[in-house]
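Colleague: For what it's worth, the numbering used here labels the leading residue of the sequence shown as 57, then goes sequentially. Before I ask anything, here is the structure I am working with.
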Amino acid sequence: MSEQTTPRSVSVVGLGPMGQAMVRAFLDAGVEVTVWNRSPEKIDAMVELGARRAATVAAALDANEVIVLSLTDYAAMYAVLGRATDHLQGRVIANLSSDSPEQARAGAAWVRSHGAQFLSGGVMSAGDNIAHPASYIFYSGPRALFDAHAELLRPLSPPEYLGTDDGLAQVFYQALLVIFHPWLLAFDQATAVIERSGHDIAKFVPFAIRSAATFPYFMQEFSVANSNGGWATLAGLKMMDAGAQHIIDASQEVGVDATFSYAAQAFWRRAIAASERAGTPVSTYALMRGDA
Numbered sequence: 057m058s059e060q061t062t063p064r065s066v067s068v069v070g071l072g073p074m075g076q077a078m079v080r081a082f083l084d085a086g087v088e089v090t091v092w093n094r095s096p097e098k099i100d101a102m103v104e105l106g107a108r109r110a111a112t113v114a115a116a117l118d119a120n121e122v123i124v125l126s127l128t129d130y131a132a133m134y135a136v137l138g139r140a141t142d143h144l145q146g147r148v149i150a151n152l153s154s155d156s157p158e159q160a161r162a163g164a165a166w167v168r169s170h171g172a173q174f175l176s177g178g179v180m181s182a183g184d185n186i187a188h189p190a191s192y193i194f195y196s197g198p199r200a201l202f203d204a205h206a207e208l209l210r211p212l213s214p215p216e217y218l219g220t221d222d223g224l225a226q227v228f229y230q231a232l233l234v235i236f237h238p239w240l241l242a243f244d245q246a247t248a249v250i251e252r253s254g255h256d257i258a259k260f261v262p263f264a265i266r267s268a269a270t271f272p273y274f275m276q277e278f279s280v281a282n283s284n285g286g287w288a289t290l291a292g293l294k295m296m297d298a299g300a301q302h303i304i305d306a307s308q309e310v311g312v313d314a315t316f317s318y319a320a321q322a323f324w325r326r327a328i329a330a331s332e333r334a335g336t337p338v339s340t341y342a343l344m345r346g347d348a
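Following this line, the structure appears as structure tokens:
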């Protein structure tokens with residue numbers, strides 16, 4: 057769709073840190089933005105930047121064809137839009153809130169039952185820094201609907217369309233958070249070990265960044281292995297078990313909580329036990345899939 061026929065106005069509902077970042081990105085791109093939020097002081101802050109105030113959810117829906125939701129979860133969508141369902145007819149709801157894939161699918165059906173169209177999104181960003189070069193947004197839903205509005209939504213971060221399944225954006229989004237959450241906890245534990253050992257975290261960080269450069273290699277290697285049942289040798293699993301114990305010892309020697317490492321060790325030990333029972337190596341990937 058050409059720039060002349062692409063709408064240059066949008067409503068944003070939900071003004072937490074991410075919603076506010078979205079409003080700023082739209083305004084910076086020259087898009088007219090109407091905003092609504094349950095807390096009026098957040099509306100005031102966005103109006104000062106140039107956004108238009110909607111007194112009610114219904115007014116926000118009436119103001120524009122495309123409505124971007126930035127809410128806590130899909131339950132919040134029902135709570136917010138449920139008070140104005142008679143204003144949904146003909147609207148495009150782009151829900152960029154986090155939830156499970158099944159919640160996204162149910163939410164899409166609910167929105168469509170009230171005469172609106174629906175796109176699901178998952179915002180992959182550095183916190184609420186949607187301008188970060190690595191930031192992007194997963195989208196799923198009808199391809200034609202995405203194509204019609206991709207340029208309008210582009211200021212929020214580069215769009216990555218995944219497919220027609222309404223839950224697909226959340227499948228990929230949550231899968232990446234599966235990686236991020238343990239990494240964040242592991243980084244906390246690692247830096248706590250450094251500090252409690254009497255050393256400077258800042259001195260450690262360059263080495264952590266250097267080691268992280270190997271992650272793409274491991275992802276490629278293990279993605280191939282997992283496509284074929286997962287990596288496992290009994291000797292390798294026992295080595296990982298021993299390595300986890302060393303991490304636990306190093307953490308506990310300086311008073312750092314090693315709960316996270318115990319959880320990792322438990323998987324290695326389950327895989328060892330399953331391998332010994334089966335008489336053939338059983339991977340942690342197979343355990344997580346429920347295949348062993």
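Note that CB positions come from ideal geometry on N, CA and C, so glycine has one too. Source: prediction; values computed, not measured.
In this structure, what does DSSP give as the bridge partners for Asn185?
Modeller: Position 129 of the sequence shown, counted from the first residue, corresponds to residue 185. The partner list for Asn185 (beta bridge, DSSP) reads Ala182.
Colleague: Using only the alpha-carbon positions, how far apart do Arg147 and Ala85 sit?
Modeller: Residue numbering aside, residue 147 sits at position 91 when the sequence shown is read from its first letter. Residue numbering aside, residue 85 sits at position 29 when the sequence shown is read from its first letter. Looking at the two C-alpha atoms, the distance is approximately 22 Å.
Colleague: Go ahead and pull the three-state DSSP assignment for Arg333.
Modeller: Residue mapping note: residue 333 aligns to position 277 of the sequence shown, counting from 1. Helix, per DSSP.
Colleague: Where do the N-terminal and C-terminal ends of the alpha helix (DSSP H) with Ser191 fall, by residue?
Modeller: Sequence index remark: in the sequence shown, residue 191 carries index 135 (1-based). Note, Ser191: premise wrong, no alpha helix (DSSP H); not H, not E.
Colleague: Ordered along the chain, which non-local residues of its own chain (more than five positions away) have a Cβ less than 8 Å from that of Gln60?
Modeller: Taking the first residue of the sequence shown as position 1, residue 60 is located at position 4. The predicted model places Gln60 with a pLDDT of 41, which falls under 50 and marks its position as unreliable; any figure quoted below should be read in that light. Nothing meets the Cβ criterion.
Colleague: Kindly confirm or deny that the segment 273-291 and the segment 213-233 touch, where touching means at least three C-beta pairs closer than 8 Å.
Modeller: No: fewer than three Cβ pairs fall under 8 Å.
Colleague: Tell me the DSSP secondary structure of Trp287 in three-state form.
Modeller: As a position in the sequence shown, residue 287 is number 231, starting the count at 1. Correct three-state label for Trp287: coil.
Colleague: From the DSSP output, in three-state form, read off Glu88 for me.
Modeller: Looking up residue 88 in the sequence shown gives position 32. Three-state result, Glu88: strand.
Colleague: Can you tell me which of the three DSSP states Pro198 falls into?
Modeller: Taking the sequence shown and counting its residues from 1, one reaches residue 198 at position 142. Coil.
Colleague: With a threshold of 8 Å, are at least 3 pairs of Cβ atoms found where one atom belongs to the segment 122-136 and the other to the segment 105-112?
Modeller: No, the segment 122-136 is not in contact with the segment 105-112.
Colleague: Pick helix, strand or coil for Val338, following the three-state DSSP scheme.
Modeller: To locate residue 338, count along the sequence shown from 1; it is residue 282. In the structure shown, Val338 sits in coil (DSSP, three-state: anything other than H, G, I, E or B).
Colleague: Grab the span of the beta strand (DSSP E) containing Gly171 for me, first residue to last.
Modeller: As a first step, residue 171 is located in the sequence shown; it is residue number 115 there, counting from the start. No beta strand (DSSP E) contains Gly171, which DSSP labels as neither H nor E.
Colleague: Would you be able to state if there are at least three C-beta pairs under 8 Å between the segment 243-254 and the segment 300-319?
Modeller: The segment 300-319 vs the segment 243-254: in contact.
Colleague: Starting from the C-beta of Ser58, find all residues in its chain whose C-beta is less than 6 Å away, skip the five residues before and the five after it, and write them out in chain order.
Modeller: The residue labelled residue 58 in the question sits at position 2 within the sequence shown. Low local confidence applies: a pLDDT of 37 at Ser58 is under 50, so the model's placement there is unreliable, and no value is given.
Colleague: Between the beta-carbon of Ala164 and the beta-carbon of Ile123, is there less than 9 Å?
Modeller: For the purposes of this step, residue 164 is taken as residue 108 along the sequence shown, with counting starting at 1. For the purposes of this step, residue 123 is taken as residue 67 along the sequence shown, with counting starting at 1. No; because the gap between Cβ atoms is not below 9 Å, this pair is not in contact.
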